[in-house]
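Trainee: To start, I am sharing the structure in question, which I have written as structure tokens.
Residue numbers (my numbering): 54 to 488.
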């Protein structure tokens with residue numbers, strides 16, 4: 054009875070807080086037995102992608118030489134790197150330091166990016182060098198010009214599958230998937246797309262913060278659960294998807310592949326969702342959190358299938374082993390229902406939004422929803438200092454380029470092999486029988 058009462062005091066806590074108590078108990082047990090402590094509940098791989106990191110740290114050394122080239126004060130003060138001729142100086146420096154870890158990668162990366170995207174050499178290298186120094190605010194605030202082109206191409210591979218959607222996505226570089234969630238919830242409310250008391254659907258099981266955020270006083274949303282039962286291999290059944298036909302449901306939020314299930318939504322189910330939206334609910338707002346998509350063969354997100362209706366969230370954390378870097382993106386298609394819904398709001402709401410965003414532009418009604426998310430992330434008044442830090446954006450570029458350069462997908466294969474081997478080691482050790 055005492056044990057039951059002790060456990061019940063944790064019922065109101067988030068699973069993430071309960072986890073800390075379980076870790077404490079497990080560590081105590083491992084100290085008094087021969088059992089090893091293994092934290093399998095942390096969303097953090099214990100491997101890292103090394104090649105782009107080698108490039109990052111070597112690039113930083115070159116950036117310092119560029120700073121000192123402009124000004125070298127004996128007190129340890131340098132200048133701001135200059136663009137003119139910087140690509141040629143970079144190539145010469147790499148040739149001189151070709152024995153350093155990361156040199157070969159940086160040289161190949163430069164040629165790949167120039168050939169793939171048609172970048173101006175000096176402009177691209179200057180963005181990398183000035184950004185890794187971190188001597189400026191992010192300009193544009195939403196995402197650096199070259200970084201957005203690179204990440205867009207990466208996301209088309211990682212998230213959109215085949216066939217690729219027409220048009221392009223506007224991207225916002227953010228501090229991981231966590232920040233993306235917070236910013237999106239905030240802007241949906243601020244732009245009167247969701248009101249307290251509105252109803253949304255959550256595809257469950259789901260990453261538990263989505264369950265918790267919806268019930269905060271800030272949002273106070275009614276939630277309908279669209280279940281993906283284990284008996285159906287964590288795919289939404291026709292009966293569950295039918296719930297989305299209810300016009301009172303304003304939005305459908307999912308995590309794909311599932312967390313905690315780890316199962317991606319199959320193409321048949323994606324097709325059913327797409328058909329429902331196109332034929333019965335063209336006004337349904339979709340949010341898909343696809344952090345684990347790169348671990349699934351042939352992954353296709355709702356972002357690729359229903360780009361006009363979907364806000365895409367992606368984080369680099371899991372695939373590249375970089376949770377500490379806090380790297381994520383919000384993607385919204387240039388032709389989307391969110392901009393149209395804002396334009397069609399009642400006059401009183403439109404006027405309120407004119408007042409909110411008026412200090413940013415003479416024509417606030419033309420401000421895209423994704424740019425409103427940027428502004429809202431800094432409470433509008435601090436929009437001029439919005440944006441992901443520049444060194445973080447350099448790392449994002451290098452991670453993305455590394456994957457694009459890996460045409461044989463050796464890194465992806467290795468990551469999948471590690472995960473698969475560990476899963477089967479666990480299954481066999483627990484003597485589980487799978488049907």
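No residue lacks a Cβ here, since even glycine has one placed at the ideal position from N, Cα and C.
Classify residue 383 as buried or exposed, calling it buried when 16 or more other Cβ atoms lie within 10 Å of its own Cβ.
Mentor: Mapped onto the chain shown, residue 383 falls at position 330. Answer is buried; the Cβ neighbour count reaches 16.
Trainee: In terms of residues, what are the limits of the beta strand (DSSP E) holding residue 275?
Mentor: Mapped onto the chain shown, residue 275 falls at position 222. Residues 275 to 280.
Trainee: Pick out the complete alpha helix (DSSP H) segments inside the region 343 to 379, 4 residues or longer, and give them in chain order.
Mentor: If we require 4 residues or more, the alpha helix (DSSP H) runs fully inside the region 343 to 379 come out as 355 to 358, 370 to 373.
Trainee: Since residue 203 and residue 450 are thought to touch, with beta carbons under 8 Å apart, how far apart are those beta carbons, to the nearest angstrom?
Mentor: Taking the chain shown and counting its residues from 1, the one referred to as residue 203 is at position 150. Taking the chain shown and counting its residues from 1, the one referred to as residue 450 is at position 397. That belief holds up - the Cβ atoms of residue 203 and residue 450 are roughly 5 Å apart, short of 8 Å.
Trainee: Provide the residue(s) that pair with residue 338 in DSSP beta bridges, ordered along the chain.
Mentor: Here residue 338 refers to the residue found at position 285 of the chain shown. The partner list for residue 338 (beta bridge, DSSP) reads 304.
Trainee: Just the Cα atoms here: how many angstroms apart are residue 132 and residue 181?
Mentor: To locate residue 132, count along the chain shown from 1; it is residue 79. To locate residue 181, count along the chain shown from 1; it is residue 128. Between residue 132 and residue 181, the C-alpha separation is close to 16 Å.
Trainee: Of the residues 149, 92, 347, 122, which one's Cα is nearest the Cα of residue 139?
Mentor: Counting from 1 along the chain shown, the entry for residue 139 is found at position 86. If we check each option's Cα against that of residue 139, 122 comes out closest.
Trainee: What residue does the alpha helix (DSSP H) around residue 388 start on, and which one ends it?
Mentor: For the purposes of this step, residue 388 is taken as the residue at position 335 of the chain shown. Neither: residue 388 is in no alpha helix (DSSP H) and is coded neither H nor E.
Trainee: Please specify which runs of the alpha helix (DSSP H), each continuous and at least 4 residues long, are wholly inside the region 217 to 289, giving them in chain order.
Mentor: As far as the region 217 to 289 is concerned, its whole alpha helix (DSSP H) runs of at least 4 residues are 229 to 243, 261 to 266.
Trainee: May I ask which residues mark the beginning and end of the alpha helix (DSSP H) holding residue 213?
Mentor: The residue you call residue 213 lines up with position 160 of the chain shown. Element bounds for residue 213: n/a, residue is neither H nor E.
Trainee: Please report the Cβ distance between residue 394 and residue 362, rounded to the nearest whole angstrom; I am assuming they are in contact, meaning their Cβ atoms lie under 8 Å.
Mentor: Mapped onto the chain shown, residue 394 falls at position 341. Mapped onto the chain shown, residue 362 falls at position 309. Going by Cβ atoms, the distance from residue 394 to residue 362 rounds to 11 Å, so no, they are not a contact pair.
Trainee: DSSP has residue 125 in a bridge; who is on the other side?
Mentor: Position 72 of the chain shown holds residue 125. Note: residue 125 sits in a beta bridge opposite 131.
Trainee: Go through its chain and collect everything with a Cβ distance to residue 431's Cβ below 6 Å, but skip five positions before and after it.
Mentor: Against the chain shown, residue 431 aligns to sequence position 378. Closer than 6 Å at the Cβ level, and outside the excluded window around residue 431, lie 439.
Trainee: Below 7 Å CB to CB, which residues in the same chain sit around residue 79 once its five sequence neighbours on both sides are set aside?
Mentor: Numbered from 1 along the chain shown, position 26 holds the residue referred to as residue 79. These residues qualify, in order along the chain: 90.
Trainee: Closest to residue 301 by C-alpha separation, out of 316, 342, 246, 314, would be which residue?
Mentor: Stepping through the chain shown from its first residue, residue 301 is reached at position 248. Out of 316, 342, 246, 314, 246 has the C-alpha closest to the C-alpha of residue 301.
Trainee: Which residue's Cα is closest to the Cα of residue 422: 399, 406, 214, 435?
Mentor: Here residue 422 is taken as the residue at index 369 of the chain shown, counted from 1. It is 406.
Trainee: Looking at the C-beta of residue 425, does it have a partner C-beta in chain B at a distance below 9 Å?
Mentor: Checking the listed chains, one finds no chain B in this structure; it contains a single protein chain.
Trainee: Kindly list the residues whose CB is nearer than 8 Å to the CB of residue 323, restricted to its own chain and excluding five residues on each side of it in sequence; keep chain order.
Mentor: Numbered from its first residue, the chain shown carries residue 323 at position 270. Within the same chain, residue 323 has close Cβ partners 353, 355, 358.
Trainee: Which residues in the same chain as residue 296 place their Cβ atom closer than 8 Å to its Cβ, once the five residues preceding and following it in sequence are excluded?
Mentor: Here residue 296 refers to the residue found at position 243 when the chain shown is read from its first residue. Excluding sequence neighbours, residue 296 sits near 254, 277, 279, 302.
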